[in-house]
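Undergrad: Protein chains in written order, with this note's numbering: chain A, 277 to 488; chain B, 277 to 488; chain C, 277 to 488; chain D, 277 to 488.
Where is the CB? At the ideal position from N, CA and C, for every residue including glycine.
Keep in mind that this is a model prediction, so the values were computed, not measured.
Okay, here's the structure, questions in a sec.
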DNA sequence: CATGAATGAGGCTTCATTCAT
DNA sequence: GATGAATGAAGCCTCATTCAT
């Protein structure tokens, strides 16, 4: 019964990863013991080790996913036609951050993923990949609105992509640590800084993409 | 060697803190053992524990300082008269990041500090304080240039401060992890987004503050 | 070897406790390292710590038992019908001391238990309880022989119980330290001091006065 | 200046021993660190180590003294002429125990001394010596009252001495641990057990020796 | 497949003692 | 003589991982 096994295997892995995510979000990678994961997942040590060969593998499996919700959301947002103005993209992204920062939210792991990547070359790979992927999307967006003439034709797309990407950690951290930032704060900030108005549209350009 | 000066004591604390910083920057808080710190500092276990009562206390002493170079630099930059344009402030800050990200650079600890604060309430205090302090400086800057008429009089100073503060983690991370961002990238990005031209000045406004 | 019986668990606890007892009897609580206990028990550190959360808990588990053999023996002795004369009770108790003072004898721990209780409030509880329990038995015995008319009806049962209880530490210490006391010594001493003869048995009834 | 030096030396030693006694009485030998002794004595590490070569030496110096007050008192009491009756001797001794069980009282160390002697051959010597000395005094007393005809001429002096000596640890422990025994309790107990009435004297024989 | 008891290296910290000043 | 900073061995305990059942 290969299919059933594979399914079962996958389901178990998910069960473990979700339990581990809750633990890690609560206590951090190092303060979480495997015992915590066993307890949270309701599985035994042997069971968990049947699906993952080590704690690091569990962390690794989670590491790559950390930025996934943001990446997916960004892809979705910027590929709308016509594309939203920058402020709306930012609003969409920050709203996503809020939605994914709960006890089960992958984004809770983001700061830990960054810290780990800073210090463990082998842990860095999935994080770097994710970052590069998000950055590529920002670049795609910048190119698109540059083509649309919303920003100067000689605007440095790479530099702008780096900066826009760079906005997200700051929002995540301020949300997680200070808890007093809203999507509106960043959206308004961007609006002020990059007050794009698509030619021939009303003052606010395309409508909000939130909940779209 | 008894009866030493208070100065000597302070120097020892610094010696330990610097050694610990190097270790932590290299391996992270958790992967660094106290033995590593003893070795790196050239002191014995007993000596180190004469000055700090625990590993956590060493981490704590470092945590509060992590953002200090940025904070000091920002204060220095924004209080120039006349104040630099945003792009130049950003250039100054990002340049500072580069300067303080070496093996002894406190900023190497920033991501770990964030991660820790996310997960350990008692470690969070110094980090939050530091963040609040830097944000207050950004706010001060925004108010100043708003008063100067460089940005609209109805600009939301708080929101803008949050966004500008939010730029720094993104730069730090991209520098530490991807290593391919330059002060120029962010400065140009900002210039594009917030192309302030102080009334009555030449195109580029106040000169670069780098190296000032 | 998972899924073992509760009985197995209990046996392991006993195994550890017995090993610890041997160590403690030999070297004392403080001079015994946990490593000693691991070695003596033939278990690993992790195994021992699965059953006891700390060295103090092991000591505590032993502390309460220290006086148990004496308490049980005393209960057994005094509840005989008719009760033995005081000298015989003392002989029985001191004989028990001798029997339980070997390398595995709980009584070897008694002096350490007393010393610890003297100095660590949290360790005192089980010791005090045990002492109170034994004293209550002595009081029960005194009341019983008073009712039988072996001692004066106005004899202070509490005072006498305190004194009889007080005899045991002195025997234990002299046995453990000087090694030259026998049950006979104390039995004869008591016989001389409290020469009870149940009425109708011999010519010397209770309350007979020495030197008369 | 040899005399001054010797005096000074002795005074310092006493200062240290008294401080150590307070510490040991409070926390026990092992829980007391040398640092505690430095602090309590107001001396530096170097100073203390000038007068004692090790912690064990300090403990040893105290160990021998532990029973000294009892021994001295017993000698004083039993050598009165005529000797007090047993109940009064016991009353005198237990009263002494009460007087020497305060925070500076050497008797506070007795249980620890016994425990240590039980386990460390080299620490046992002074304790055994002290015990033997006190026992010899009891024997002397027994012989004396036997000669006076207060107890049967064929009474086993050694056995009785062992038993009387054996009473003291029991009183000390009950006082230190349970705190509810009085000299009266033991005196009355003994009176009941060994109601000596010196021939030709009033009911109570020689008066109380307390405070004599 | 699952269980969970067992392993043991390694982490943090204490503390008696020394010795340069 | 006095000081107290420094030493470093050794202690207690945790925890990722394995494997007999």
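#1: In this structure, does DSSP put residue 390/A in helix, strand or coil?
#2: Pull out every residue of the segment 300-330 of chain C whose Cβ sits closer than 9 Å to any Cβ of chain D, in chain order.
#3: With DSSP run on the structure shown, which of helix, strand or coil describes residue 343/C?
#4: Between residue 387/A and chain B, is the shortest Cβ-Cβ distance under 8 Å, so that the two count as touching?
#5: By Cβ distance below 6 Å, which residues in the same chain neighbour residue 406/D in space, the five residues on each side in sequence not counted?
#6: Show which residues of chain C have a CB atom less than 9 Å away from the CB atom of residue 332/D.
#7: Taking Cβ to Cβ, would you say residue 461/A is nearer than 8 Å to residue 408/B?
#8: Run down chain A in chain order and give the residues with a C-beta less than 8 Å from the C-beta of residue 461/B.
#9: If I follow the unbroken alpha helix (DSSP H) through residue 368/B, where does it start and stop?
#10: If residue 439/A sits next to residue 465/B, beta carbons under 8 Å apart, how far is it from one beta carbon to the other, in whole angstroms?
#11: Just the chain B side, please: which residues come within less than 7 Å of residue 445/A by C-beta, in chain order?
#12: What is the DSSP secondary structure of residue 458/B, reduced to helix, strand or coil?
#13: Between residue 393/C and residue 453/D, is the Cβ-Cβ spacing less than 8 Å?
#14: Please state whether the Cβ-Cβ distance between residue 336/C and residue 400/C is less than 8 Å.
#15: Is the Cβ-Cβ distance between residue 334/A and residue 296/A less than 8 Å?
#16: Looking at residue 428/A: is its Cβ nearer than 8 Å to the Cβ of residue 383/A?
#17: In the structure shown, what three-state DSSP assignment does residue 351/B receive?
#18: By DSSP, does residue 427/B sit in helix, in strand, or in coil?
#19: Mapping the DSSP letters down to three states, classify residue 336/A as helix, strand or coil.
#20: Any contact between the segment 288-302 of chain B and the segment 318-330 of chain B? By contact I mean 3 or more CB pairs, one from each, below 8 Å.
#21: Mind checking residue 378/B: buried by the 16 CB within 10 Å criterion, or exposed?
#22: Given that residue 464/C touches chain D, what residues does it touch there, using C-beta distances under 9 Å?
#23: Quick one: what does DSSP say residue 304/D is sitting in, helix, strand or coil?
#24: With distance defined between alpha-carbon atoms, name the residue in 395/D, 456/D, 350/D nearest to residue 368/D.
#25: Put residue 468/B into one of helix, strand or coil per three-state DSSP.
#26: Rounded C-beta distance between residue 387/D and residue 319/D? I'm assuming under 8 Å.
#27: Along chain A, in chain order, which residues have C-beta atoms closer than 7 Å to that of residue 457/B?
#28: Verify whether the separation of the beta carbon atoms of residue 415/D and residue 431/D is less than 8 Å.
#29: Return the Cβ separation of residue 446/A and residue 441/B in integer angstroms, given the expectation that the two are a contact with Cβ distance under 8 Å.
#30: Specify the secondary structure class of residue 281/D as computed by DSSP and reduced to three states.
#31: With a threshold of 16 other CB atoms inside 10 Å of the CB of residue 372/C, please say whether the residue is buried or exposed.
#32: When burial is assigned at 16 or more other CB atoms within 10 Å of the CB, is residue 381/C buried or exposed?
#33: Select from 376/A, 358/A, 354/A the residue whose C-alpha is nearest the C-alpha of residue 366/A.
#34: Which residues, taken in chain order from the segment 382-406 of chain C, show a beta carbon closer than 8 Å to some beta carbon of chain D?
TA: From the atom records:
#1: Within the first chain, numbered from 1, the residue matching residue 390/A stands at position 114. Residue 390/A falls in the helix class under three-state DSSP.
#2: Cβ contacts with chain D: 300, 301, 302, 303, 304, 305, 306, 307.
#3: Here residue 343/C corresponds to residue number 67 of the third chain, with the count starting at 1. In this structure, residue 343/C counts as coil in the three-state DSSP scheme.
#4: On the first chain, residue 387/A is found 111 positions in, with the first residue counted as 1. Cβ-Cβ to chain B under 8 Å: yes for residue 387/A.
#5: Taking the fourth chain and counting its residues from 1, the one referred to as residue 406/D is at position 130. Residues 343 of the same chain have their beta carbon placed closer than 6 Å to that of residue 406/D, with the five preceding and five following residues left out of the count.
#6: Numbered from its first residue, the fourth chain carries residue 332/D at position 56. Scanning chain C for C-beta atoms nearer than 9 Å to the C-beta of residue 332/D yields nothing, as the closest lies near 12 Å away.
#7: Along the first chain, read from residue 1 onward, the residue named residue 461/A stands at position 185. Along the second chain, read from residue 1 onward, the residue named residue 408/B stands at position 132. Taking a C-beta distance under 8 Å as the contact criterion, residue 461/A and residue 408/B do not qualify as a contact pair.
#8: As a first step, residue 461/B is located in the second chain; it is residue number 185 there, counting from the start. Within chain A, the residues near residue 461/B are 432, 434, 435, 438, 439.
#9: Counting from one through the second chain, the residue named residue 368/B turns up at place 92. Where residue 368/B is concerned, the enclosing alpha helix (DSSP H) stretches over 362-375.
#10: Walking along the first chain from the start, residue 439/A turns up at place 163. Walking along the second chain from the start, residue 465/B turns up at place 189. About 3 Å; that satisfies the 8 Å criterion.
#11: Numbered from its first residue, the first chain carries residue 445/A at position 169. Per Cβ cutoff of 7 Å: 445, 446, 449.
#12: Residue mapping note: residue 458/B aligns to position 182 of the second chain, counting from 1. Coil, per DSSP.
#13: As a working mapping, residue 393/C is identified with position 117 in the third chain. As a working mapping, residue 453/D is identified with position 177 in the fourth chain. Yes, Cβ-Cβ distance for residue 393/C and residue 453/D is below 8 Å.
#14: Within the third chain, residue 336/C is the residue found at index 60, counting from 1. Within the third chain, residue 400/C is the residue found at index 124, counting from 1. Not closer than 8 Å, so no.
#15: For the purposes of this step, residue 334/A is identified with residue 58 of the first chain, where counting begins at 1. For the purposes of this step, residue 296/A is identified with residue 20 of the first chain, where counting begins at 1. In contact: residue 334/A and residue 296/A (Cβ atoms closer than 8 Å).
#16: As a first step, residue 428/A must be located in the first chain, where it is residue number 152. As a first step, residue 383/A must be located in the first chain, where it is residue number 107. Cβ distance not < 8 Å, so residue 428/A and residue 383/A don't count as in contact.
#17: Here the question's residue 351/B lines up with position 75 in the second chain. DSSP places residue 351/B within a helical segment (H, G or I) once states are collapsed to three.
#18: Here residue 427/B refers to the residue found at position 151 when the second chain is read from its first residue. Note: residue 427/B maps to coil in three-state DSSP.
#19: Stepping through the first chain from its first residue, residue 336/A is reached at position 60. Judged by DSSP in its simplified three-state form, residue 336/A adopts helix.
#20: These segments touch.
#21: As a first step, residue 378/B must be located in the second chain, where it is residue number 102. When all chains shown are included, residue 378/B counts as exposed.
#22: Residue numbering aside, residue 464/C sits at position 188 when the third chain is read from its first letter. Within chain D, 431, 432, 435, 436, 439 have C-beta atoms less than 9 Å from the C-beta of residue 464/C, given in sequence order.
#23: For the purposes of this step, residue 304/D is taken as the residue at position 28 of the fourth chain. Residue 304/D falls in the coil class under three-state DSSP.
#24: The residue you call residue 368/D lines up with position 92 of the fourth chain. Of 395/D, 456/D, 350/D, the residue nearest in Cα terms is 350/D.
#25: The residue you call residue 468/B lines up with position 192 of the second chain. Of the three classes helix, strand and coil, the one that applies to residue 468/B here is helix, per DSSP.
#26: Numbered from its first residue, the fourth chain carries residue 387/D at position 111. Numbered from its first residue, the fourth chain carries residue 319/D at position 43. Your pair residue 387/D and residue 319/D does not check out as a contact, with CB atoms roughly 27 Å apart and the cut at 8 Å.
#27: To locate residue 457/B, count along the second chain from 1; it is residue 181. Against chain A, the beta carbon of residue 457/B has neighbours under 7 Å at 438, listed in chain order.
#28: As a first step, residue 415/D must be located in the fourth chain, where it is residue number 139. As a first step, residue 431/D must be located in the fourth chain, where it is residue number 155. No, the Cβ-Cβ distance between residue 415/D and residue 431/D is not below 8 Å.
#29: On the first chain, position 170 is the one that residue 446/A refers to. On the second chain, position 165 is the one that residue 441/B refers to. Their Cβ separation, rounded to whole angstroms, is 6 Å, which keeps residue 446/A and residue 441/B in contact under 8 Å.
#30: Position 5 of the fourth chain, counted from the first residue, corresponds to residue 281/D. Of the three classes helix, strand and coil, the one that applies to residue 281/D here is helix, per DSSP.
#31: Residue 372/C sits at position 96 when you count from the first residue of the third chain. When all chains shown are included, residue 372/C counts as buried.
#32: Mapped onto the third chain, residue 381/C falls at position 105. Buried, by the Cβ-count rule.
#33: The residue given as residue 366/A occupies position 90 in the first chain. In this structure, 354/A is the residue among 376/A, 358/A, 354/A with its C-alpha nearest to the C-alpha of residue 366/A.
#34: Those would be 384, 387, 388, 390, 391, 392, 393, 394, 395, 396, 400, 403, 404, in chain order.
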